[in-house]
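**Q**
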Amino acid sequence: MPQTKPRDVQVFPVATDTRVLRSRSWTRLRFEIEYALAKGTTANSYLIEGDKTALIDPPGETFTQIFLEALQQRFDVKKLDYVILGHVNPNRAATLKALLEIAPQITFVCSNPGAINLRGALENLDLPILIMRGEETLDLGKGHYLQFIPTPNPRYADHLCTYDPQTEILYSDKLFGAHVCGDQVFDEGWEVYNEHRRYYFDCLMAPHARQVETALDKLADLPVRLYATGHGSLVRYGLIELTKAYRLWSQQQTSADLTVALIYASAYGNTATLAQAIARGITKAGVAVESINCEFTDPDEIRAAVEKADGFIMGSPTLGGHAPTPVQTALGIVLSTATNNQLAGVFGSFGWSGEAVDLIESKLKDAGYRFGFDTIRVKFKPNDVTLQLCEEAGTDFAQALKKAKKVRSPSVPATSVEQAVGRIVGSLCVVTAKQDDISSAMLASWVSQASFSPPGLTIAVAKERAVESLTHSGNKFVLNILKDGNHIGLMKHFLKPFGPGQDRFADVAAQEAENGSPILTDALAYLECSVQNRMESGDHWLVYATVDNGKLLDNNGVTAVHHRKTGTHY
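Residue numbers (the numbering used here): 867 to 1436.
The following block contains the structure:
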């Protein structure tokens, strides 16, 4: 087993009177479990020392001890005036309590929803709080005259950006970040972060694309030279390109032909985590999500979202054997607004019982709604396998909506160009991958050798494929090349629809490769591969991987080939 680097705090000056404290972990943190690209993370905090001093976004409890040690080595914490919070979650409570013990004079600065969350996280404490609604400012002296821009979304209803005109730094918290760990403070050679930033957006921002667009509009007129993000390298060199990319990615979501209203409440964050995974599955299939946290959303806004949506999904925790009041209100709105041709879905988390999920499911079934996936019930905190199930359920839901639309649309004969494209021939293969407790596979024919030295190949992977999340840079997989005359059984097996979380390898002869992925023993040959990089190509990802190992299993066999009549489908 390779040795994992210990967690640490990297301190670095970023501007006049301003330092970043980067709490680093080279492994994925458990509170980021819904974020499956395991490249480590940094929790970035910032210290501005004017005549008064402000600490922005102290990290969660994973880093409490090492963060406070690093802070106290470089600054007299008893002189700290303000702690500015871009958002408040229970994970930060331990650090905030420890700070208060050292420096009880602290005044917290946050949005109004943030103040509500803060009082809930730090119960029984008399907290001095400055609430920033968008017009207030905070003068730290020495020219640091801070401005505040509320940028809420359903997942982070209290989200607040902070801008320092003196240094032209925007403290963007969740916006523009990436979960990746390393020594690089700024984003020199910023293109190497493209994949990480796009994945971060798809996981955390895409379900809130409309609110992201609103945030971009609010920030557009600020002269910003640096995004001081909550996670990952600070954005300086690729700032313009990343801002344009956020605008483009958001517009791709908001302009989609189909929309799902995802309505939920979350008591301890678990239901929100499930919602995020379901939304990820929907958006990767090219369907937009209107994510609605009904605890912070006006009933008229919920009604409008349900009216325009092609389908809706409801999620709820169970509190005292019941659904929270905001969920019950939202359910009433859905039942009075949604039509029976809208697809429905239900999910939720619970501690000891799941009455809220059962209530919503029964009400929707009694009203005659069709369900896009089997109701998801999760006890306590979700794990990787549960979140894979949620993501696949979201993708199935989106594909059911797309199929229904195609059924209602007249069929169009393939054009001559489409017929010609269909004559491109590919070998029939099965891509298999396994990471920890998650495994997946897909039938593939868009495969080509791409390099001699090192030996490498490319595979086109549709964005909505379940295996897509296992084909990022650094991931391992096996390419199983099928044998002509012996391929029909495997082809039919991997072509059939699998339910969310269903084992793709049941009833299939397989053994484990050196890289941990399954080898199909009835294949003609197999190649063990490592993903080097990938490129977005329309509705697919073009994955380039190098070959680490492989074997021809049948010296006399011939590769099975896929012949098509049109280039519009496989």
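Ideal placement from N, C-alpha and C gives every residue a C-beta, glycine not left out. From a predicted model like this one, the values you see are computed outputs, not experimental measurements.
1) To the nearest angstrom, how far is it from the Cα of GLU1258 to the Cα of VAL943?
2) Helix, strand or coil, according to DSSP, for ASP883 in the structure here?
3) Evaluate ARG999 with the Cβ neighbour count: other Cβ atoms within 10 Å of its Cβ, from every protein chain shown; 16 or more gives buried, anything less gives exposed.
4) How is LEU1356 classed by DSSP in three states: helix, strand or coil?
5) Report back the beta-carbon spacing between GLU1156 and ARG1063 to the nearest angstrom; my notes put them in contact at under 8 Å.
6) What is the C-beta distance between LEU1408 and ALA1389, in whole angstroms, given that I count them as a contact (C-beta under 8 Å)?
7) Could you give the distance in angstroms between the alpha-carbon of GLN1013 and the alpha-carbon of THR1003?
8) DSSP on GLU1079, reduced to helix/strand/coil?
9) Closer than 7 Å by C-beta to ASN1415: which residues in its own chain qualify, once you throw out the five before and the five after it? Chain order, please.
10) Would you tell me roughly how many angstroms separate the C-alpha atoms of ILE1102 and ASN1060, rounded to the nearest one?
11) Can you list, in chain order, the residues of its chain with a C-beta nearer than 7 Å to that of LYS1417? Leave out the 5 residues immediately preceding and following it.
12) Output the distance between the C-alpha atoms of ARG885 and HIS1188, rounded to the nearest integer angstrom.
13) Does the structure place the segment 913-928 close enough to the segment 950-958 that three or more beta carbon pairs sit under 8 Å?
14) On a CA-only basis, which of LEU1088, VAL1212 and VAL1193 is nearest GLY1177? Give me that one, please.
15) For GLN1285 and ALA1154, what's the separation of their Cα atoms in angstroms?
16) Once DSSP output is grouped into helix, strand and coil, what is the label at ARG888?
17) Would you call ALA1023 buried or exposed, if buried means 16 or more other Cβ atoms sit within 10 Å of its Cβ?
18) For the beta strand (DSSP E) holding GLN1398, just list the boundary residues, first then last.
19) Among GLN1050, LEU1006 and PRO1018, which has the Cα closest to the Cα of PRO1031?
20) State the DSSP-derived secondary structure class of ASP1005, mapped to helix, strand or coil.
21) In three-state terms, what does DSSP make of HIS1435?
22) Thinking just about the alpha-carbon of each residue, which of HIS1353, ILE1226, ASN1206 and ASP1166 is nearest to the one in SER1182?
23) For LYS1300 versus GLY1351, is the C-beta spacing smaller than 9 Å?
24) Is the Cβ-Cβ distance between GLY1043 and HIS1097 less than 9 Å?
25) In whole angstroms, what is the alpha-carbon distance linking PHE1427 and PRO1320?
26) What do you get for PRO1020, buried or exposed, if any count of 16 or more other CB atoms within 10 angstroms of its CB means buried?
27) Shortest alpha-carbon distance to GLY1367 belongs to which of ALA909, TYR1029 and THR1261?
28) Please go through the same chain and pick out, in chain order, the residues whose beta-carbon is closer than 6 Å to the beta-carbon of PRO1089, but skip the five residues on each side of it.
29) DSSP on GLY1351, reduced to helix/strand/coil?
30) Mind checking who LEU1012 pairs with in its DSSP beta bridge?
31) Does DSSP put MET867 in a helix, a strand or coil?
32) May I ask which residues mark the beginning and end of the beta strand (DSSP E) holding PRO1183?
33) Between the beta-carbon of LEU988 and the beta-carbon of LEU1026, is there less than 9 Å?
34) How about the segment 1159-1168 and the segment 1116-1123: do they share at least three Cβ pairs that are nearer than 8 Å?
35) Take the Cβ of GLY992 as the centre, count every other Cβ of all protein chains shown within 10 Å, and call the residue buried at 16 or more, exposed below.
36) From ARG1236 to THR1137, what distance separates their C-alpha atoms?
**A** According to the structure data:
1) As a position in the sequence shown, residue 1258 is number 392, starting the count at 1. As a position in the sequence shown, residue 943 is number 77, starting the count at 1. Taking the straight line from one Cα to the other gives about 47 Å.
2) In the sequence shown, residue 883 corresponds to position 17, counting from 1. Three-state result, ASP883: coil.
3) Here residue 999 corresponds to residue number 133 of the sequence shown, with the count starting at 1. When all chains shown are included, ARG999 counts as exposed.
4) Counting from one through the sequence shown, the residue named residue 1356 turns up at place 490. In the structure shown, LEU1356 adopts helical secondary structure according to DSSP, grouped into three states.
5) The count along the sequence shown starts at 1 and reaches residue 1156 at position 290. The count along the sequence shown starts at 1 and reaches residue 1063 at position 197. The pair is not a contact, with the Cβ atoms about 23 Å apart (cut-off 8 Å).
6) The count along the sequence shown starts at 1 and reaches residue 1408 at position 542. The count along the sequence shown starts at 1 and reaches residue 1389 at position 523. So it is not a contact: roughly 23 Å between Cβ atoms.
7) For the purposes of this step, residue 1013 is taken as residue 147 along the sequence shown, with counting starting at 1. For the purposes of this step, residue 1003 is taken as residue 137 along the sequence shown, with counting starting at 1. GLN1013 and THR1003 have their C-alpha atoms roughly 5 Å apart.
8) Mapped onto the sequence shown, residue 1079 falls at position 213. Three-state DSSP puts GLU1079 in a helix.
9) Here residue 1415 refers to the residue found at position 549 when the sequence shown is read from its first residue. Closer than 7 Å at Cβ, skipping near neighbours: GLU1380 and GLU1394.
10) Indexing the sequence shown from 1 puts residue 1102 at position 236. Indexing the sequence shown from 1 puts residue 1060 at position 194. Checking the sequence, you will find Arg at residue 1102 rather than Ile. So the two alpha carbons sit approximately 14 Å from each other.
11) Taking the first residue of the sequence shown as 1, we reach residue 1417 at position 551. The residues are ALA1391 and TYR1392.
12) Position 19 of the sequence shown, counted from the start, is the residue given in the question as residue 885. Position 322 of the sequence shown, counted from the start, is the residue given in the question as residue 1188. Cα to Cα, ARG885 sits roughly 47 Å from HIS1188.
13) yes
14) Here residue 1177 corresponds to residue number 311 of the sequence shown, with the count starting at 1. Its Cα nearest to that of GLY1177, the residue VAL1212 stands out among LEU1088, VAL1212 and VAL1193.
15) Locating residue 1285 in the sequence shown gives position 419, counting from the first residue. Locating residue 1154 in the sequence shown gives position 288, counting from the first residue. About 30 Å.
16) Sequence index remark: in the sequence shown, residue 888 carries index 22 (1-based). Of the three classes helix, strand and coil, the one that applies to ARG888 here is strand, per DSSP.
17) Taking the first residue of the sequence shown as 1, we reach residue 1023 at position 157. Burial call: buried.
18) Numbered from 1 along the sequence shown, position 532 holds the residue referred to as residue 1398. Where GLN1398 is concerned, the enclosing beta strand (DSSP E) stretches over 1391-1403.
19) Along the sequence shown, one-based indexing puts residue 1031 at 165. That would be LEU1006, whose Cα lies nearest to the Cα of PRO1031.
20) The residue labelled residue 1005 in the question sits at position 139 within the sequence shown. It is a strand residue.
21) Taking the first residue of the sequence shown as position 1, residue 1435 is located at position 569. Here HIS1435 sits in coil by DSSP.
22) One-based indexing of the sequence shown puts residue 1182 at position 316. Of the candidates HIS1353, ILE1226, ASN1206 and ASP1166, the one whose C-alpha sits nearest the C-alpha of SER1182 is ILE1226.
23) Working through the sequence shown from its first residue, we reach residue 1300 at position 434. Working through the sequence shown from its first residue, we reach residue 1351 at position 485. Contact: no.
24) Mapped onto the sequence shown, residue 1043 falls at position 177. Mapped onto the sequence shown, residue 1097 falls at position 231. It is a contact, given that the beta carbons lie within the stated cut-off.
25) Locating residue 1427 in the sequence shown gives position 561, where the first residue counts as 1. Locating residue 1320 in the sequence shown gives position 454, where the first residue counts as 1. Checking the sequence, you will find Val at residue 1427 rather than Phe. In a straight line, the C-alpha of VAL1427 is about 25 Å away from that of PRO1320.
26) Within the sequence shown, the letter at position 154 stands for residue 1020. Taking all protein chains in view, the Cβ of PRO1020 is crowded by 16 or more other Cβ atoms within 10 Å, so the residue is classified as buried.
27) To locate residue 1367, count along the sequence shown from 1; it is residue 501. Ranked by how close their Cα comes to the Cα of GLY1367, the residues ALA909, TYR1029 and THR1261 have THR1261 in first place.
28) Sequence index remark: in the sequence shown, residue 1089 carries index 223 (1-based). Excluding positions up to five away in sequence, the list reads GLU1034.
29) To locate residue 1351, count along the sequence shown from 1; it is residue 485. Residue state for GLY1351 is assigned as coil, using DSSP reduced to three classes.
30) Along the sequence shown, one-based indexing puts residue 1012 at 146. Partner(s): LEU1004.
31) Your numbering for residue 867 matches position 1 in the sequence shown. Note that MET867 scores a pLDDT of 35, beneath 50, so its modelled location is shaky; the value from the coordinates is reported in the next line. In the structure shown, MET867 sits in coil (DSSP, three-state: anything other than H, G, I, E or B).
32) Translated into positions along the sequence shown, residue 1183 becomes position 317. Its beta strand (DSSP E) spans residues 1177-1183.
33) As a working note, residue 988 is residue 122 in the sequence shown. As a working note, residue 1026 is residue 160 in the sequence shown. No, the Cβ-Cβ distance between LEU988 and LEU1026 is not below 9 Å.
34) no
35) Here residue 992 corresponds to residue number 126 of the sequence shown, with the count starting at 1. As written in the sequence, residue 992 is Asp, which differs from the Gly given in the question. By the 10 Å Cβ count, ASP992 comes out exposed.
36) As a position in the sequence shown, residue 1236 is number 370, starting the count at 1. As a position in the sequence shown, residue 1137 is number 271, starting the count at 1. C-alpha separation (whole angstroms): 22 Å.
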